[in-house]
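I have placed the structure first, in the form of structure tokens, so that the comments after it can refer back to it.
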């Protein structure tokens, strides 16, 4: 690797460059942008989970005080497929004026039958989300090796049935934009993970040349995969701006965040895993179904497809049978969500692997080291087990004395990461100051600081000499921030640009090494024309394939079903660490998000109204400071691998490790995430069956799912695409 | 365990009646209809009653003058009574530091100090904040100089996207004024009403501890290639 | 929010007059403003009651503690004498919402708060609590709902203070027209037991002025609860035990459960089962059995039963000190 060995900035603890602006309130997020004469925009959403809309009358709303624009999402008649679907949008002089006028829009609609629960939607007689199409989309089972024979010959076979919930992104800054159309130019201030993707999307849908569209994002309040494109709300914002002839700001409400901006698909998984007497995995089988919302099977925004996920996850038994289904329900569509597919895959695989280890009488860490094909992860298991005190802490399932039982669990993560394609521009001024311009954006991952660190390192300068300008589609192109690819895509481009700067400066100044002490003198030779140099991503500086493992220790109150995570140990490879401080923060964040997935988070749909019952943060429960475990992080320093992103692998195994720790504590597996007290108590058999009620939820789930899993294969149904229409 | 209704001490007059001794309705009626009654009440009673009646005149629903003291500066806006403090600060005062993230008292991003006490600006009417000293995040750094807590938030990386940061800083500023050396548990309890989706809590807690001169050690272990190659 | 006018009442008498014009009392506003934002309430006027004289103090007398309705939850939670004399009440106050909510939320507001049922709070659901004909939680998503109720609505009373004050045998002084009346906690909620639309027994123009909590020498109390999250979350179930210990035996003991019924849940026989007995786990279990005798563990609610049993045990044994 050409990265320097002795460093001043690279791999140190560097406070983020935009920290002072963010802790003083000076940082202007998208939601803080106020243009002169800006109008407020808001969206009317469907109240019905399914309906045929015959007409939408905007006239009364249009004439309401302060209203400057009123537009339809669909011309003519159309179908509503989930409660929350966009119907119309208004722009007006104040937020209240617009909210008041929304109530005046008249919608004539015929409500239709709907289904919002996955295990209802798969039934043959369920209402169809798209008339004439089965809700369930299944691929044919994919087989490798001789599955039946391998299971028959195995020394041990374990089974597990688990489910994972719909997880909502809930970034602290809601989705939204301000759009201004000035003559033939469209400018958008977007809370986005991809200024270029947004630019292209605005250009296409508004029929503007790409050269006339500019998207900026100075600061944004989190995305986690849900802000790769402008969304329906962005395009409505642009259309309102066009219709009103004035800039329009449209930020979604928290409740809208819970309905319509994406989510992590749910899953119901039935798994089977076999090993030989040595504990080598020999056969694997999975049937899964989950919902990515109304457009099941469609390719979702950000590149994750439907409700399927990698299987078998991490491990490679020779014989595998994999069948995955995606079921449409009348609910908001999923999209990419931090490590799409992987936490879902991990929960099932790690569960059945632990069950198998128990059957074989093998230590869970040992069975992983024995079977994991990834060398780094094997090393991480060994390192982590020692640091965690695994051998001392691990007991046979349920062996911990009660009533508060402790347990430990472990799980691994695979992530391709990688990242390429970024370009950057560096301007060196005669006074020695430097501006780095790159069209990436900072989601809170610290990208802006990464740019500064790399440039300061390569140019041998103090950080404060370097001004970083990002988040603008007029800067040299960089991809969307996702897939843990930003640092790996951006750093090499800065490296390259810096090398080019040094080469140019050498020529201009005649100094052999213009860095450090020579910098000022070299720059002084530039005269009135600043030096502008480009650079681009190149091979050999960054890579992919991050491995990580996590260990969790929990205490479970078996009287009340409460799970407390005491400790999570993360052992993570991320190659050459650019900034330890922000790297650690991202890992903390990944663990805490995984903790939410394990214990608290789930979108709750109501079968009879079709509504999301918990779109807001009162009942969609995000982990808070009081819920924190002790988080220990071991970073494997491997500069020889180059830069590798870490944002996603660190959230993958947390929930699995916690779920395994709970199973270890209890001696029985709580099959459904999140592991809330009702479910823990049900798994312990402590919940009385109601006189009027049905069985407690986990039983109901497992039972209904078993029936689905046993049903004959449905026909392959070609997906009908995104169908999230906004014209 | 039941009590008979009304068996407690008799109510004191001031709770039920105007200072004049008459009920509000009777007083107003008497003023309007009978000069004799008013005269009979005596000038002092009438003026007290009038002062109260005046104080009890509803304002709105249209815009009314609302005077807020924000970061030491008095500003008067014309606001409908339904306008929240957060809307007034962000929309009228141009102070966008306090963030709107939930608008339902569930996340803490809008936290400001009211007479030094953290409150959710999204869930308080601007008209209710009159007469109080309102401090927003913009009022914490003095002359561009970060407070010790703000410095620690930056140095310890107590933020990622930064959208929750203004609220966190406000709550912790109030905590440290009241409790200059909080334990980790006290810090967690203080920020229980502030959500951070990026999961920066460990570093926020570390920042609060560092700002109060306490240890805020990292839990990060860095293992060099050499060591893990051996392992 | 709909447009409304705003007025600050100077006396309780005028407050209840002012509120009659389609008004709502405004104290901390934590519940009310959310209801207005969500279109559940459309008041014409908000009557600010925070200026009412004598409603912001905690007065400790020889045999009782009097807590003004406008005392904030934070003040109550941190009040040194309240913590000493009425630990369960201070703990219950400290467990409400978040610090910011406790800084503005009041004692009166906590007691008079409306249902948090997620069907009730949905703008577009017209449930029985809002005058509709059915309870959507019945047969729906009801894990946060009641084990006991006499009416169709399944939403529980979620006031932390109500549970504590119930076990502490407190009374509430309420402005009713030109008079004040004193209600036991049971009376404050009895309408919610039988009427689906009621959140409590108070009419729209009745205002809580203060709470009076009797204090006997040697009185002890404990508040315990469990929520899904460790803080800033609604209790799944809460429990308060209160009483004295004389010669190792419980005297004047009362145990109340929260979030299991539209009222704070007390059962005379359960209290009687503890009277004169030691605060042991075994005795607590007997009390819990009587407290939960008529529980209806419908659909997703049954898990509250083992939790309630455990909480009763912990609250009662905590009285041992």
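Protein chains in written order, with this note's numbering: chain A, 1 to 727; chain B, 728 to 958; chain C, 959 to 1279.
Positions of the beta carbon are idealized from the N, C-alpha and C atoms, including for glycine.
Within chain A, partners of residue i - CB distance below 9 Å
i: residue 1098 of chain C; result: 606, 607, 608, 609 and 613
Cβ-heavy atom distance, residue i to the ligand PLP, below 6 Å
i: residue 312 of chain A; result: The model on display carries no ligand, and the ligand PLP is accordingly not part of it.
Run of the beta strand (DSSP E) containing residue i, from where it starts to where it stops
i: residue 364 of chain A; result: It is not in any beta strand (DSSP E) - residue 364 of chain A instead sits in the alpha helix (DSSP H) that spans 364–371.
i: residue 840 of chain B; result: 838–841
i: residue 59 of chain A; result: No beta strand (DSSP E) holds residue 59 of chain A; the alpha helix (DSSP H) holding it covers 59–62.
i: residue 890 of chain B; result: First-last for residue 890 of chain B: undefined, no H or E at that position.
i: residue 410 of chain A; result: 404–417
Alpha carbon of residue i to alpha carbon of residue j, nearest angstrom
i: residue 377 of chain A; j: residue 369 of chain A; result: 8 Å
i: residue 606 of chain A; j: residue 613 of chain A; result: 6 Å
i: residue 173 of chain A; j: residue 1241 of chain C; result: 51 Å
i: residue 399 of chain A; j: residue 676 of chain A; result: 22 Å
i: residue 339 of chain A; j: residue 782 of chain B; result: 59 Å
i: residue 35 of chain A; j: residue 19 of chain A; result: 25 Å
i: residue 48 of chain A; j: residue 1191 of chain C; result: 29 Å
i: residue 64 of chain A; j: residue 1006 of chain C; result: 30 Å
i: residue 658 of chain A; j: residue 554 of chain A; result: 7 Å
i: residue 509 of chain A; j: residue 521 of chain A; result: 8 Å
i: residue 62 of chain A; j: residue 74 of chain A; result: 17 Å
i: residue 289 of chain A; j: residue 165 of chain A; result: 12 Å
i: residue 575 of chain A; j: residue 450 of chain A; result: 15 Å
Contacts of residue i in chain B (Cβ-Cβ under 8 Å)
i: residue 588 of chain A; result: 926, 927, 928, 929 and 930
i: residue 966 of chain C; result: 782 and 783
Contacts that residue i makes with chain A (C-beta to C-beta distance below 7 Å)
i: residue 926 of chain C; result: With chain C represented from 959 up to 1279, any question about residue 926 of chain C goes unanswered, as that position is not in the structure.
i: residue 1348 of chain C; result: In the structure as shown, chain C starts at 959 and stops at 1279, and residue 1348 of chain C therefore has no counterpart that could be examined.
i: residue 774 of chain B; result: Going along chain A, no residue has its Cβ under 7 Å from residue 774 of chain B, so there is no contact; the nearest lies around 38 Å.
i: residue 1101 of chain C; result: 678
i: residue 1194 of chain C; result: 677
6 Å CB neighbourhood of residue i in its chain, flanking five on each side removed
i: residue 526 of chain A; result: 430
i: residue 185 of chain A; result: 212
i: residue 809 of chain B; result: none
i: residue 728 of chain A; result: Since the first residue of chain A shown is 1 and the last is 727, residue 728 of chain A is not available in this structure.
i: residue 812 of chain B; result: 848, 851, 853 and 856
Residues of its chain near residue i, where Cβ-Cβ distance is below 8 Å and the 5 sequence neighbours each way are ignored
i: residue 1186 of chain C; result: 1194
Proximal residues of chain C, C-beta to C-beta of residue i below 8 Å
i: residue 687 of chain A; result: 1255, 1260, 1261, 1263 and 1264
i: residue 560 of chain A; result: 1184, 1264, 1265, 1268 and 1269
Span of the alpha helix (DSSP H) around residue i
i: residue 597 of chain A; result: 580–599
i: residue 348 of chain A; result: 342–360
i: residue 916 of chain B; result: 911–917
i: residue 506 of chain A; result: 486–509
i: residue 20 of chain A; result: 19–24
i: residue 792 of chain B; result: Here residue 792 of chain B belongs to no alpha helix (DSSP H); instead the beta strand (DSSP E) covers 791–797.
i: residue 252 of chain A; result: Premise fails: residue 252 of chain A is in no alpha helix (DSSP H) and is neither H nor E.
Contact list for residue i against chain B, beta-carbon separation under 7 Å
i: residue 271 of chain A; result: In chain order: nothing, as chain B lies at least about 29 Å away.
i: residue 988 of chain C; result: 832 and 850
Beta-carbon neighbours of residue i, restricted to chain C and to distances below 7 Å
i: residue 676 of chain A; result: 1186
Proximal residues of chain A, C-beta to C-beta of residue i below 8 Å
i: residue 881 of chain B; result: 15, 16, 19, 20 and 23
7 Å Cβ shell around residue i - same chain, five flanking residues per side excluded
i: residue 275 of chain A; result: 154, 155, 156, 281, 282, 356 and 360
i: residue 932 of chain B; result: 911, 914 and 915
Selection of the stretch 30–54 of chain A by Cβ proximity to chain C, strictly under 7 Å: 47
Looking at chain C, which residues of the stretch 849–878 of chain B have a Cβ within less than 8 Å of any of its Cβ atoms? 850, 851, 852, 854 and 855
Chain C contacts from the stretch 591–604 of chain A (Cβ-Cβ distance under 8 Å): 599, 600 and 604
Interface residues of the stretch 638–663 of chain A facing chain B [CB-CB below 8 Å]: 638, 639 and 640
Contact list for the stretch 1048–1078 of chain C against chain B, Cβ threshold 8 Å: 1055, 1056, 1057, 1058, 1059, 1061 and 1062
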